[in-house]
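Novice:
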Amino acid sequence: MKQLFLLLSIVFVVSFSNAQEETTIKGIVISTTTSQPLESVNIVNLNQVKGTSTDDKGAFEIRAKANDTLHFSYLGYKSIKVRVTNDWLKFGATNIEMTELALALEEVVVNQLKLTGYLIVDVRQVPIKTNYRYSISGLSATGYEAGNNGSGVSKVLGAIFNPADFLHNIFGKKPKELRKLRQMKQDDEIRNLLASRFDREMLMVLLQVDRLDLDEIVSQCNYSKDFIQTANDLQILDAINECYEEYKVLSKSRSN
């Protein structure tokens with residue numbers, strides 16, 4: 011009896027350990043409307059901060075362990091979160107179904123410029139952006155915003171000396187989420203996914219903040235409205251990460 015009990019204990023411990031090990035899981039994403047596979051679905055492991063996307067057959071592989079949460083997003087479809095179960099790890103590939111959203115066109119207002127033919131008059135009608143960007147060879151032609159004040163330190167001075175200390179309230183309360191900033195920057199797959207997105211959804215899910223807080227963080231870091239409205243998600247991630255690193259340095263200096 012003792013030997014049987016010991017054997018069962020060993021099996022339980024080994025099974026539990028294997029369930030906690032990070033491994034590669036597989037799956038196929040299909041549309042509930044057409045039952046066809048979906049290509050280029052964005053998939054992120056929110057716990058491990060690993061990313062991937064489906065191939066032309068809707069198949070994917072990603073590193074995960076039991077109880078990790080995977081976030082699936084695809085243009086025109088409702089984003090979903092799926093928890094990794096022991097059965098998924100044990101039995102292999104599974105089908106993930108995504109539901110199509112009803113798309114509605116929003117009203118677009120086009121401000122037409124009424125040209126007079128006189129250059130000195132017409133040029134005054136052209137809107138002027140207040141933000142400045144710089145480009146880096148080999149990167150996107152749109153470049154990154156350098157800021158209005160020229161100094162990186164100046165981006166967070168206003169927030170630090172603000173009585174509300176907005177950056178401290180946001181960053182200080184979410185240390186686990188903010189550690190993901192570095193992980194996100196180090197994962198090439200996630201950076202590639204963010205570079206093609208403008209909806210902020212993946213950033214909001216990973217950092218556990220809503221859209222208003224996300225925009226407010228970037229605004230408090232002295233980035234312009236033009237940058238916030240036009241930057242892709244990767245540029246927003248880099249802006250927040252840079253601002254947070256500067257904030258930590260200045261906060262440490264202030265405490266000393």
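Take the sequence shown: its position 99, counting from 1, is numbered 109 in our numbering, and each next residue is one higher. From the three backbone atoms N, C-alpha and C, an ideal C-beta is built for every residue, glycine too. All figures in this text were calculated on a predicted structure; none of them were measured in a lab.
In angstroms with no decimal places, state the Cα-to-Cα distance between I200 and I53.
Specialist: Whole-angstrom Cα-Cα distance: 9 Å.
Novice: Give the range of the beta strand (DSSP E) segment to which K88 is assigned.
Specialist: Run containing K88: Y87 to R93, per the beta strand (DSSP E) assignment.
Novice: Can you round the beta-carbon distance between T7 and A69 to whole angstroms, since I take them to be within the 8 Å contact cut?
Specialist: Because the chain spans 11 through 266 in this model, residue 7 falls outside it and cannot be assessed.
Novice: Taking the alpha helix (DSSP H) that A205 falls in, what are its first and last residues?
Specialist: Taken as a continuous stretch (DSSP letters only), the alpha helix (DSSP H) holding A205 covers D198 to A205.
Novice: Taking 9 Å as the threshold (C-beta atoms), are L56 and L80 in contact?
Specialist: Cβ atoms of L80 and L56: closer than 9 Å.
Novice: Please classify G102: is it buried, with 16 or more other beta-carbons within 10 angstroms of its beta-carbon, or exposed?
Specialist: It counts as exposed.
Novice: Cβ atoms of S50 and E211: under 9 Å apart, would you say?
Specialist: No.
Novice: When the Cα atoms are used, what is the spatial distance from L216 to M194?
Specialist: Spanning the two alpha carbons is a distance of roughly 9 Å.
Novice: T33 and R73 - do their beta-carbons sit closer together than 9 Å?
Specialist: Closer than 9 Å, so yes.
Novice: Which residues in the same chain have their Cβ closer than 8 Å to the Cβ of T43, if we skip the five residues on either side of it in sequence?
Specialist: For T43, where only same-chain residues beyond five positions count, the Cβ hits under 8 Å are T109 and E110.
Novice: With DSSP run on the structure shown, which of helix, strand or coil describes S229?
Specialist: Helix.
Novice: Would you kindly check if the distance between the Cβ of V219 and the Cβ of V246 is under 9 Å?
Specialist: Note on residue identity: the sequence assigns Ile, not Val, to residue 246. No; because the gap between Cβ atoms is not below 9 Å, this pair is not in contact.
Novice: Among L224, A112 and L203, which residue has its Cα nearest to the Cα of T62?
Specialist: T62 has its Cα closest to that of L203, out of L224, A112 and L203.
Novice: Would you decide whether N232 is buried or exposed? Buried here means 16 or more other CB atoms lie within 10 Å of its CB.
Specialist: Result: buried.
Novice: Kindly indicate the opening and closing residues of the alpha helix (DSSP H) around N96.
Specialist: Element bounds for N96: N96 to F101.
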